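Numbering-wise, the sequence shown is residues 1 to 994 according to the UniProt record's numbering.
For glycine and all other residues, C-beta sits at the position ideal for the given N, C-alpha and C.
This structure is a prediction, so every number in the text was calculated from the model and none was measured.
Before any comments, here is the structure.
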Amino acid sequence: MTAAELQWPEWMRAGVRVVRGPDWQLPTQDPKEGDLGTLIYVPKKVGDNKVSVIWDSGKERMYQSGATGTYELRAFDIAQVGIVHTGIRCTSCSANPIRGMRWSCSDCNNVELCTKCYMNDKHNTSHGFVRRDTTKSDPLILSKRADTKFVQASGIFENSKVIRGPHWRYKNQDGGDTKVGDVKTVIPLKDNFGNAFVTVKWQINNHVGEYRLGAEGYVDVVVFDPANGGKYYPEHLPLVGLILLKIGDKVKVNLSLMEFKKLQEDAKIWNDDMKQCLTEEGTVIDLVRQSADSKHASLTVVQYKNGKQFQIMRGALFRVAGFQKGGVVRIESTADVLKNLQRMRGGLKSDAAILATKGKVGRLLKITKDGDLKVLVDKTKFIFSPACCYPTNDPKDVKAAPTAVDSSSSSEDENEGKTLRRFADGIGEAMTNLKKGSDGSVVTGEAIVESSGNNKLDHLKALLKKSPQQVDFKVADGDRTGLQLASHEGHIEIVKFLIKQNADVNLADAVGDTPLHYAVFGKQPEVVEILINSKGIKINSQNKAGVVPVHVAVNTADISTLKLLVEQGCDVTIKDNNEDTPMHDAMIQKKNQPGVIEAVLASPTCKFNLKNKAGLNVLHFACVNNKVKAVEIILSKSADIVNETIPGGFTALHIAAFNDFIEIVSLLLVKGKANPNLQDNKKRTPLLLAASKGFKRIIEVLIEGKANINEQDLDGDTALHVILKDPPKENDMGTNVIYLLVGNGADIYLKNKIGETALDLIKDPVLRQSVEAIHKLAASPAKTDKGTVIPVNWSSKEMMNDDYQVKLDPNDKEPAIRDEYAMVAKHFMKSMPNAEIKTIKRVQNASLWECYIVQKKKMESKMGVGHANEMHLYHGTLPEIVDLICRENFDFRIAGTRVGALYGQGTYFALEARYSDGYAMTSNDNTKFMFVVKVLVGKTCIGNQDYRKPPYLDPDDKKKGSYDSCVNDVHRPTVFCVFDINQYYPEYIIEYEV
Numbered sequence: 001m002t003a004a005e006l007q008w009p010e011w012m013r014a015g016v017r018v019v020r021g022p023d024w025q026l027p028t029q030d031p032k033e034g035d036l037g038t039l040i041y042v043p044k045k046v047g048d049n050k051v052s053v054i055w056d057s058g059k060e061r062m063y064q065s066g067a068t069g070t071y072e073l074r075a076f077d078i079a080q081v082g083i084v085h086t087g088i089r090c091t092s093c094s095a096n097p098i099r100g101m102r103w104s105c106s107d108c109n110n111v112e113l114c115t116k117c118y119m120n121d122k123h124n125t126s127h128g129f130v131r132r133d134t135t136k137s138d139p140l141i142l143s144k145r146a147d148t149k150f151v152q153a154s155g156i157f158e159n160s161k162v163i164r165g166p167h168w169r170y171k172n173q174d175g176g177d178t179k180v181g182d183v184k185t186v187i188p189l190k191d192n193f194g195n196a197f198v199t200v201k202w203q204i205n206n207h208v209g210e211y212r213l214g215a216e217g218y219v220d221v222v223v224f225d226p227a228n229g230g231k232y233y234p235e236h237l238p239l240v241g242l243i244l245l246k247i248g249d250k251v252k253v254n255l256s257l258m259e260f261k262k263l264q265e266d267a268k269i270w271n272d273d274m275k276q277c278l279t280e281e282g283t284v285i286d287l288v289r290q291s292a293d294s295k296h297a298s299l300t301v302v303q304y305k306n307g308k309q310f311q312i313m314r315g316a317l318f319r320v321a322g323f324q325k326g327g328v329v330r331i332e333s334t335a336d337v338l339k340n341l342q343r344m345r346g347g348l349k350s351d352a353a354i355l356a357t358k359g360k361v362g363r364l365l366k367i368t369k370d371g372d373l374k375v376l377v378d379k380t381k382f383i384f385s386p387a388c389c390y391p392t393n394d395p396k397d398v399k400a401a402p403t404a405v406d407s408s409s410s411s412e413d414e415n416e417g418k419t420l421r422r423f424a425d426g427i428g429e430a431m432t433n434l435k436k437g438s439d440g441s442v443v444t445g446e447a448i449v450e451s452s453g454n455n456k457l458d459h460l461k462a463l464l465k466k467s468p469q470q471v472d473f474k475v476a477d478g479d480r481t482g483l484q485l486a487s488h489e490g491h492i493e494i495v496k497f498l499i500k501q502n503a504d505v506n507l508a509d510a511v512g513d514t515p516l517h518y519a520v521f522g523k524q525p526e527v528v529e530i531l532i533n534s535k536g537i538k539i540n541s542q543n544k545a546g547v548v549p550v551h552v553a554v555n556t557a558d559i560s561t562l563k564l565l566v567e568q569g570c571d572v573t574i575k576d577n578n579e580d581t582p583m584h585d586a587m588i589q590k591k592n593q594p595g596v597i598e599a600v601l602a603s604p605t606c607k608f609n610l611k612n613k614a615g616l617n618v619l620h621f622a623c624v625n626n627k628v629k630a631v632e633i634i635l636s637k638s639a640d641i642v643n644e645t646i647p648g649g650f651t652a653l654h655i656a657a658f659n660d661f662i663e664i665v666s667l668l669l670v671k672g673k674a675n676p677n678l679q680d681n682k683k684r685t686p687l688l689l690a691a692s693k694g695f696k697r698i699i700e701v702l703i704e705g706k707a708n709i710n711e712q713d714l715d716g717d718t719a720l721h722v723i724l725k726d727p728p729k730e731n732d733m734g735t736n737v738i739y740l741l742v743g744n745g746a747d748i749y750l751k752n753k754i755g756e757t758a759l760d761l762i763k764d765p766v767l768r769q770s771v772e773a774i775h776k777l778a779a780s781p782a783k784t785d786k787g788t789v790i791p792v793n794w795s796s797k798e799m800m801n802d803d804y805q806v807k808l809d810p811n812d813k814e815p816a817i818r819d820e821y822a823m824v825a826k827h828f829m830k831s832m833p834n835a836e837i838k839t840i841k842r843v844q845n846a847s848l849w850e851c852y853i854v855q856k857k858k859m860e861s862k863m864g865v866g867h868a869n870e871m872h873l874y875h876g877t878l879p880e881i882v883d884l885i886c887r888e889n890f891d892f893r894i895a896g897t898r899v900g901a902l903y904g905q906g907t908y909f910a911l912e913a914r915y916s917d918g919y920a921m922t923s924n925d926n927t928k929f930m931f932v933v934k935v936l937v938g939k940t941c942i943g944n945q946d947y948r949k950p951p952y953l954d955p956d957d958k959k960k961g962s963y964d965s966c967v968n969d970v971h972r973p974t975v976f977c978v979f980d981i982n983q984y985y986p987e988y989i990i991e992y993e994v
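Right under this line is the structure:
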């Protein structure tokens, strides 16, 4: 389900009574735990992630509502919004029907409780219960009340004292501002709202009146002296927001053993060790993103304190808490547990570091893309597995935690969409402000805007009948009109009525946004269509930032609205004040891709040669942002711009080569027919740039694309000169790139402008000797019996060894071998810092290599050079089959016996060594074995346990072929399942100890 399709729970509307949630971020700030408040604003769309609350104390604030995975609020009572369970009677108090949440005993038949009776411990507290929020809600299994923490509620209840509140409209019934009244009752039902009104007797004049406390989101009174509202079980209350699990969340299973086992067995993922899930809290470490029709569409990987990981169906899990940046965490207090969990997630640098952090509190500085936690403990920063940390709001922990000071860049979630969030927050404030009146009277114009924004059609009709001239009234808060707010909120009938009443469809607010801007900001395609078809609409109207509605649609990533605007002729070439067109904006949008790009670039108004302020046309900008789909579309429509340059002389190919974007480099060469030998202002070719960065794969593709390997720059340097002069510090491929260039014909005797040859730059006599030898062999490279070129780094004298294994010496006299060892070790240690490498061996099996190269050429002949998507991945294995793999390759028929065959019945590889470590079994001498494997992953799709081969690209047109491999996540894959034995080659064996 996409973000555009997500909807708030049925009960999540203004009026719901709330308390603190599990991710409360300000534990020392009022309201205190147990204090009640009222939800007064809920954004129309899930993506607008903040809701507004007026606490019983009168304080009004905005809170996270789960759209970003943070839940600051829980719903205490939802009867206020008309939720009713018709025909269900409370077994204890006989209330019929039950209003609000319904609580059903899972141990007894026909025992139903209302919220008040459930929280007051009616019926047996040792019995299990399920909660149903609405008649359409799935039952949620809860822990037993006898085993669950409770909190005392405090706020506006019977016997509390109150004063007038923000939405007061009753003139001087209370005797005047600040006068105190006594709450006599909370009215169970009035105007079809449950517990949404209170009866108050005012002390100064004994007047008794009924006042809103949640009805339609209004709060007429606030507390002067709170009353005790009885106890409640926080963990049993629903979270305010859409519940989406994220990596790092703490979860538990509330099912019985029989129920849990059946759920897991139905998905074929049960094993008896999972019994521990019933008694322990675990940590989500991975979310399996499957296709909608998959049996595992809601599968979650959960890790426990003993290090065991289980694949658990989402329906079995109950979210307990989660992490948020800036929050306080407590580190696992048991050293052995901490050490084990860290080892499985990448490790700490030493046991001393573990002992220094165990049991301490820290400040969470950042949550990485992989779900790891960057935590400040004392004055030192550590990267922890989320399984090692526990969120805490204990005031003592908060006080003890260090102050968050972090120079690292903001997360992409914080940087992305700030304008959209500011707009959404501004709408929220405007909607809540419209409810307030100083003395109960509201001017007609404000009432029109308020009725429009809150979908009160009958009231609006009555107001406009009296004052039709005020249809375009602007409230002081942002110069907003009723049509603008109604458009944002998606009130279709209001919008139609206002247009019929001649509301100005082009009228702008204080920042220049029109109703069409508002509708697009609100992701309301139905309203957008109504406005577009209205008389006189200006669909390309720019606001004060130069932004047109289609700019907004790109930034909200709302595909349906975007397509509608494009189909109706919105111009995607209009530049905003930063000189960016919607086409440029589409290249930096991270959400709903490639759909956003496809929708924008489908416009007949596209002009791909338009440049932004930086001088980049749309193709250049697509290359800068590695948008492969965009490059593919642009080249299909306007390949003639492929060699256009930016200031400095870079072409699109220069940009892609300099940034190591292999797929784009291949597309530009194959589909765009880009000239690989064009030079920038310093006479550098894409090959020279790739050499300066040490990008071996890019160099290989450019050479295959007919790049001149001996082209010289302004200083007369070739690619070989460049890498010898300044080996890339961030890359460990230097020597291997030198050998690659020389092996493909780089002239070692060609002089630059100061008379230096490549050989002159080599100071190491052994490396010089090797380069000269490779240069001589370049004309007639070593080949297999069938003519396949053998890798230049293979040791020919040992090629035919029976075990096909060549040990690499980290101190070898040959620099290339030293660099080769260092390269393999560096990448392995990046995710396995606690490991100690014993040996690294190169696998030299000419027969397997030949099969692999033939397959690579076959795939590239169909998809283009570089599109076989060759990757270096990891595979942990059993010690006793290492030699067998070197002889015969991996046997996919036994792959599922240890990894579960979750993504298909093939061979499994991982992006990081730490993941494969879990499947590398320990030998008798306490060592493990892991392969580094060349894998042609090609085109990937989400896997399925029933796949015996990848599915077709298009089931309706099998001629288009199949995918090449399956993954756990098509956008950020970390696990790969490959079915063709010729798509992988076991390149290295790492023997190590943890």
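Among the bridge pairs identified by DSSP, ASN228 is matched with SER154. Only residues of its own chain outside the window of five on either side were considered, and among them VAL253, LEU255, PHE260 and LEU263 have a CB closer than 7 Å to the CB of ALA316, listed in chain order.
In the structure shown, GLY209 adopts extended strand secondary structure according to DSSP, grouped into three states. When Cβ pairs closer than 8 Å are counted between the two stretches, the region 935-945 is seen to touch the region 957-971, the count reaching three or more. Looking at the DSSP output, GLN805 shares a beta bridge with VAL843. The beta-carbon separation of ALA196 and LEU213, rounded to 6 Å, stays under the 8 Å limit for a contact. Residue environment: SER94 is assigned as exposed (fewer than 16 neighbouring CB atoms within 10 Å of its CB, all protein chains considered).
Under the three-state reduction of DSSP output, PRO686 falls in the helix class. Look at TRP202 here: in three-state DSSP terms it is strand.
Closest by C-alpha distance to LEU714, out of GLN679, ASP747 and TYR232, is GLN679.
By the Cβ neighbour-count rule, GLY787 is exposed, with fewer than 16 other Cβ atoms within 10 Å of its own. In this structure SER143 touches GLU235 by the C-beta definition: roughly 7 Å separates them, less than 8 Å. In the DSSP assignment, PRO727 falls outside any beta strand (DSSP E) and carries neither an H nor an E.
Counting C-beta atoms within 10 angstroms of its own C-beta, ASP266 has fewer than 16 neighbours from the protein chains shown and is therefore classed as exposed.
For the options TYR63, VAL240 and ALA913, the alpha carbon positioned closest to that of MET829 is the one of ALA913. A buried status is given to GLY522, since no fewer than 16 other beta-carbon atoms sit within 10 Å of its beta-carbon. In terms of Cβ geometry, ASN578 and LYS613 form a close pair [threshold 8 Å]. In this structure, ILE699 keeps its C-beta atom at 8 Å or more from the C-beta atom of LEU724. Contact between the region 589-606 and the region 621-633 is present: three or more C-beta pairs spanning the two stretches fall below 8 Å. By the beta-carbon neighbour count (other beta carbons within 10 angstroms, threshold 16), THR70 is buried.
Rounded to whole angstroms, PRO950 and LEU531 show a C-alpha spacing of 45 Å. About 16 Å separates the Cβ atoms of GLN524 and VAL554, ruling out a contact at the 8 Å cut-off. Under the DSSP assignment, LEU565 falls in the alpha helix (DSSP H) whose first and last residues are 559-567.
Three or more beta-carbon pairs separated by less than 8 Å are not found between the region 267-278 and the region 51-61, which leaves the two stretches without contact.
Across the set ASP191, LYS250, ASN206 and VAL994, the C-alpha of VAL994 shows the shortest separation from the C-alpha of ILE837. Shown here for ARG74: same chain residues with a beta carbon closer than 8 Å to its own, the five before and five after excluded, namely VAL18, VAL19, ARG20, GLY21, PRO22, PRO234, LEU237, PRO238, LEU239 and VAL240 in chain order.
Of ASP147, MET119 and GLU987, the smallest CA-CA separation from SER126 is found for ASP147. Collapsing the DSSP output to three states places GLY217 in a helix.
In this structure, ALA773 lies away from ASN793, with their beta-carbon atoms at least 8 Å apart.
Within 10 angstroms of the beta-carbon of HIS971 lie fewer than 16 other beta-carbons, which makes it exposed. Counting along the chain, ARG697 sits inside the alpha helix (DSSP H) bounded by residues 696-704.
For MET930, the uninterrupted beta strand (DSSP E) segment begins and ends at 928-936. The beta carbons of ARG99 and ILE83 sit closer together than 8 Å. Taking the Cα positions, GLN311 is about 19 Å away from GLY876.
In terms of CA proximity to THR581, ASN540 leads the group ASN540, GLY482 and ASP558. In this structure, DSSP gives MET871 an extended state, which the three-state scheme calls strand.
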